[in-house]
Amino acid sequence: MVGVYELKNKKGDFSIKVTNWGATLMSVIVPDSKGNLADVVLGYDTVAEYVNGSSYFGALVGRVANRVAKGRFVLDGKVYHLYINDGKNALHGGHRGFSKVIWTVKEYVPDCDSPYITFYYHSFDGEQGFPGDLNVYVTYRLSSPYELNLHMNATALDKATPVNLVNHAYWNLAGHGSGDVLGHLIQVFASEYTPVDSSMIPTGQIAGVAGTPYDLRLLTPLGSRINLVSGGGAAGYDVNYAVHGNYAVDGDGFREVAYLRDPVSGRALELWANQPGVQLYTSNWMSNLKGKGGVVYGQYGAVCLETQGFPDAVHHPNFPSVILRPGGAAYRHDMLFKFSF
């Protein structure tokens, strides 16, 4: 059964809704500086719209998020072919990745000081072309005062496999239906990024941001650089930043990755995580998309901050590895969204 589940703080002014379809984050309601509540993530009203949608709103993306060049890779001497769904490449786990399956609700504890829900999915050997059986758990948890914790764990059962899970929330801190995010201020704590070719595949280079429009180490209005960068031919950010720290999969290296603030509402978001990369995407391709409450989302209507392993890491030995092995350390991806206003 597919359902919608709510987590809410005791005060009642901070809540989220999630569904076990794609372990998807459907809404995040937080106050602004005047106490007014708004939903700050884009999405749909009904689960059916998520089933039919193609924008990955709030979805848990896997087995391997982002792109894999030519939809193939070699692991331990064997060639694996993935489902091609982005030109000549595989994107976000294939046409039926983790965002397009029903997850099992393992625990749902809404009535406590730190309410949470845990979803489980068993990915079978050969699913979308990926090797080996994989057990995946995802937990959404609220904690005080206004913090959303997201924990992703995966264990390879019988074969080595690449794993790179992503939460694909689209953030607009002014409210999901309030227009574009070009007035938002952003800071990304990264001195390097991974340049891509015309088909959005990393070149393998890890380049410095200094002196480029990708340098967001100081608080910067999103709109001030939006026409100086492009991803796949559309103006705007769609790039992976190399967030320096400890790349170990056991949870070491947890640190602040990015900061986002809407000057009008006063809402701000700190993102903390333990992954080596973060994809910054400014909804460059979004156009006339009908969302919650009949609102129409347009270009630059939100910003995505997706902590992750590096895109196409299976083809670049100089990138942090995304290979998970049976008997080895489990995959662990921790995210913390700290809201303030």
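Taking our numbering, I'd label the letters of the sequence shown as residues 140 to 480. Heads up, the beta-carbon is just placed ideally off N, CA and C, and yes, glycines get one too. Predicted, not measured: the structure shown is a model, and the values here were computed from it.
{"query": "Report yes or no: do three or more beta-carbon pairs, one from the stretch 290-304 and one from the stretch 456-471, lie closer than 8 Å?", "result": "yes"}
{"query": "Using only alpha-carbon positions, find the residue among 308, 266 and 218 that is nearest to residue 233.", "result": "266"}
{"query": "Using 8 Å as the Cβ pair cut-off and three pairs as the minimum, do the stretch 326-342 and the stretch 245-257 touch?", "result": "no"}
{"query": "Check for me: the beta strand (DSSP E) holding residue 379 runs from which residue to which?", "result": "377-381"}
{"query": "Given 8 Å as the limit, is there contact between the stretch 279-286 and the stretch 189-198, that is, 3 or more CB pairs closer than that?", "result": "no"}
{"query": "Between the stretch 438-453 and the stretch 395-411, do at least 3 Cβ pairs fall closer than 8 Å?", "result": "yes"}
{"query": "Apply the 10 Å Cβ neighbour rule to residue 261 and answer buried if 16 or more other Cβ atoms are within range, or exposed otherwise.", "result": "exposed"}
{"query": "Tell me the DSSP secondary structure of residue 363 in three-state form.", "result": "helix"}
{"query": "With residue 328 and residue 356 assumed to form a contact (beta carbons below 8 Å), what rounded beta-carbon distance in angstroms separates them?", "result": "7 Å"}
{"query": "In whole angstroms, give me the CA-to-CA distance for residue 147 and residue 155.", "result": "7 Å"}
{"query": "When you compare the CB positions of residue 272 and residue 263, do they come within less than 8 Å of one another, or not?", "result": "yes"}
{"query": "Report the three-state DSSP secondary structure of residue 258 (helix, strand or coil).", "result": "strand"}
{"query": "Under the rule that 16 or more other beta-carbon atoms within 10 Å means buried, what is residue 218, buried or exposed?", "result": "exposed"}
{"query": "Thinking just about the alpha-carbon of each residue, which of 458, 149 and 371 is nearest to the one in residue 414?", "result": "458"}
{"query": "Going by the CB atoms, is the gap between residue 229 and residue 213 shorter than 8 Å?", "result": "no"}
{"query": "Return the chain-ordered ranges of every beta strand (DSSP E) run that is complete within the stretch 279-318 and spans a minimum of 3 residues.", "result": "286-295 and 305-307"}
{"query": "Which of the three DSSP states is assigned to residue 439 in this structure?", "result": "coil"}
{"query": "If you run the structure through DSSP and keep just helix, strand and coil, what is residue 146?", "result": "strand"}
{"query": "For residue 336, count the other beta carbons within 10 Å of its own beta carbon; 16 or more makes it buried, fewer makes it exposed. Which is it?", "result": "exposed"}
{"query": "Which word fits residue 367, buried or exposed, when buried means at least 16 other C-beta atoms lie within 10 angstroms of its C-beta?", "result": "exposed"}
{"query": "Quick check: what's the CA-CA separation for residue 270 versus residue 211?", "result": "12 Å"}
{"query": "Give, in chain order, every unbroken run of the beta strand (DSSP E) that is at least 3 residues long and sits entirely within the stretch 191-279.", "result": "198-200, 211-214, 217-220, 243-248 and 255-262"}
{"query": "Run the CB neighbour count on residue 140, radius 10 Å, all protein chains shown included, and call it buried at 16 or more, exposed below.", "result": "exposed"}
{"query": "Within the same chain, show all residues whose beta-carbon is closer than 7 Å to that of residue 183, passing over the 5 residues directly before and after it, in chain order.", "result": "189, 192, 196, 430 and 431"}
{"query": "Among 240, 381 and 172, whose alpha-carbon lies nearest the alpha-carbon of residue 344?", "result": "381"}
{"query": "Tell me which residue opens and which closes the beta strand (DSSP E) that residue 472 is part of.", "result": "470-479"}
{"query": "CB residue 480 to CB residue 412, shorter than 8 Å?", "result": "no"}
{"query": "Buried or exposed: which applies to residue 472, given that a residue is buried once 16 or more other Cβ atoms fall within 10 Å of its Cβ?", "result": "buried"}
{"query": "Measuring alpha carbon to alpha carbon, tell me which of 451, 241, 440 and 286 ends up nearest residue 478.", "result": "286"}
{"query": "Would you check if the distance between the CB atom of residue 179 and the CB atom of residue 153 is smaller than 8 Å?", "result": "no"}
{"query": "Let me know the beta strand (DSSP E) ranges lying completely inside the stretch 162-194, each 3 residues or longer, listed in chain order.", "result": "163-170 and 176-178"}
{"query": "Can you tell which of 350, 158, 255 and 339 has its C-alpha closest to the C-alpha of residue 205?", "result": "339"}
{"query": "Relative to the C-alpha of residue 160, which candidate in 342, 222 and 237 has its C-alpha closest?", "result": "237"}
{"query": "Between residue 468 and residue 341, what straight-line distance do the alpha-carbon atoms span, to the nearest angstrom?", "result": "27 Å"}
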